[in-house]
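Trainee:
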Amino acid sequence: ALYVEGKAGGNLPYGKEVLDAMSRLHTLAEADREAAQNGLSEGRVYDWMTLARDSLLPSWTWRDALLAIRTRDADYVVLGRGISSDGTGAPRDMAEGVLVRLFHGLEMLYPQALRKEGALKFRVRPRGAAYYHLLACLEKLGRGEALIVSPANASCQRESRNIRKV
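If you're matching positions, the sequence shown starts at 10 in the working numbering and goes up one per residue.
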C-alpha cells in the first residue's frame with residue numbers, strides 16, 4: 010500500500026475530490042474511444058513515463074498493476090476480491106485502493122486497451138499497439154526504470170532510477 014506520512018500527505022486530495030477525478034478520467038476515456046471509432050483505430054499514445062517516474066508510487070505498485078493485467082481471468086481484471094478466511098489476499102488487499110485509482114488513470118491513457126465495466130472491473134483488450142505499450146511501460150516502472158525522451162533530438166534513452174518509496 011502507499012502510505013504518505015508527515016507533510017507530504019497534507020496536500021493530497023481525498024474523498025469526493027478523488028471520486029470526481031476518477032469519474033472525469035473515465036469520461037475522457039469514453040470520449041477518446043468514441044473519437045477513435047471515427048478515425049484512428051488505436052487512438053492516441055501519451056508520453057506519461059516522466060510523470061509516473063516522478064510520482065510517489067513505489068515500483069511494487071506498478072508491478073502489482075502489471076501482475077493484475079497478466080494474471081486476469083479471461084479478459085477481465087477484477088480488483089477488491091477480499092480476504093479469504095485463511096488470510097490469503099491480505100497483502101494485495103492493502104494496495105487495492107491505489108490500484109483502483111491507478112487503473113482509472115491507465116484507462117484514460119489506454120482507452121483502447123482498458124475499459125471500465127464495473128466499479129472494480131476492467132476489461133482488457135490484449136492486442137494492439139496500445140496494449141503492448143502499456144505492458145512495456147508497466148514493466149519499466151515495475152523494475153524502477155524510466156524512459157527519458159530528449160525533446161532536442163527525440164531519441165529515447167533508458168535511465169535506471171529507483172522510484173521513491175514512501
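Note that CB positions come from ideal geometry on N, CA and C, so glycine has one too.
Quick caveat, the model's predicted, so the values are computed rather than measured.
Can you tell me whether DSSP reads residue 66 as helix, strand or coil?
Mentor: Reading the sequence shown from its first residue, position 57 is the one you call residue 66. Residue 66 falls in the coil class under three-state DSSP.
Trainee: Can the beta-carbon of residue 122 be found closer than 8 Å to that of residue 143?
Mentor: What you label residue 122 is simply residue 113 of the sequence shown in a count that begins at 1. What you label residue 143 is simply residue 134 of the sequence shown in a count that begins at 1. Taking 8 Å as the Cβ cut-off, residue 122 and residue 143 qualify as a contacting pair.
Trainee: Using the Cα positions of residue 27 and residue 53, report the straight-line distance between them to the nearest angstrom.
Mentor: Here residue 27 corresponds to residue number 18 of the sequence shown, with the count starting at 1. Here residue 53 corresponds to residue number 44 of the sequence shown, with the count starting at 1. Going by the C-alpha atoms only, they are around 25 Å apart.
Trainee: Around the Cβ of residue 25, are there at least 16 other Cβ atoms within 10 angstroms (buried) or fewer (exposed)?
Mentor: For this step, residue 25 is matched to residue 16 along the sequence shown. Its Cβ having fewer than 16 others within 10 Å, residue 25 is exposed.
Trainee: What residues are listed by DSSP as bridge partners for residue 56?
Mentor: For the purposes of this step, residue 56 is taken as residue 47 along the sequence shown, with counting starting at 1. Paired residue(s): none; residue 56 is not in a bridge.
Trainee: Using 10 angstroms around the beta-carbon of residue 116, count the other beta-carbons present and answer buried if the total reaches 16, otherwise exposed.
Mentor: Within the sequence shown, numbered from 1, the residue matching residue 116 stands at position 107. Residue 116 comes out buried.
Trainee: If I follow the unbroken beta strand (DSSP E) through residue 85, where does it start and stop?
Mentor: To locate residue 85, count along the sequence shown from 1; it is residue 76. Unbroken beta strand (DSSP E) run through residue 85: 85-87.
Trainee: Which value, in whole angstroms, describes the spacing of the CA atoms of residue 79 and residue 36?
Mentor: The sequence position of residue 79 within the sequence shown is 70, counting from 1. The sequence position of residue 36 within the sequence shown is 27, counting from 1. Between residue 79 and residue 36, the C-alpha separation is close to 25 Å.
Trainee: Quick one: give me the first and last residue of the alpha helix (DSSP H) that residue 129 is part of.
Mentor: On the sequence shown, position 120 is the one that residue 129 refers to. That residue, residue 129, is in no alpha helix (DSSP H); it is neither H nor E in DSSP.
Trainee: Counting C-beta neighbours from all protein chains within 10 Å, is the total for residue 173 16 or more, i.e. buried, or is it exposed?
Mentor: Counting from one through the sequence shown, the residue named residue 173 turns up at place 164. Confidence in residue 173 is poor, its pLDDT being 39 and thus under 50, which makes the residue's placement unreliable; the coordinate value appears in the next sentence. So residue 173 ends up on the exposed side.
Trainee: Please classify residue 141 as buried or exposed, where buried requires at least 16 neighbouring CB atoms within 10 angstroms.
Mentor: Along the sequence shown, read from residue 1 onward, the residue named residue 141 stands at position 132. So residue 141 ends up on the exposed side.
Trainee: Comparing C-alpha positions only, which one of 138, 136, 126 and 139 sits nearest to residue 85?
Mentor: Residue numbering aside, residue 85 sits at position 76 when the sequence shown is read from its first letter. Nearest option by C-alpha distance: 126.
Trainee: Sorted by chain position, which residues of the same chain lie with C-beta nearer than 6 Å to residue 89's C-beta, five sequence neighbours on each side aside?
Mentor: By 1-based counting over the sequence shown, the position of residue 89 is 80. These residues qualify, in order along the chain: 105 and 129.
Trainee: Rounding to the nearest angstrom, what Cα-Cα distance links residue 71 and residue 81 in this structure?
Mentor: The sequence position of residue 71 within the sequence shown is 62, counting from 1. The sequence position of residue 81 within the sequence shown is 72, counting from 1. If I take the Cα positions, the gap works out to 15 Å.
Trainee: Put residue 90 into one of helix, strand or coil per three-state DSSP.
Mentor: Stepping through the sequence shown from its first residue, residue 90 is reached at position 81. Residue 90: coil per DSSP, three-state reduction.
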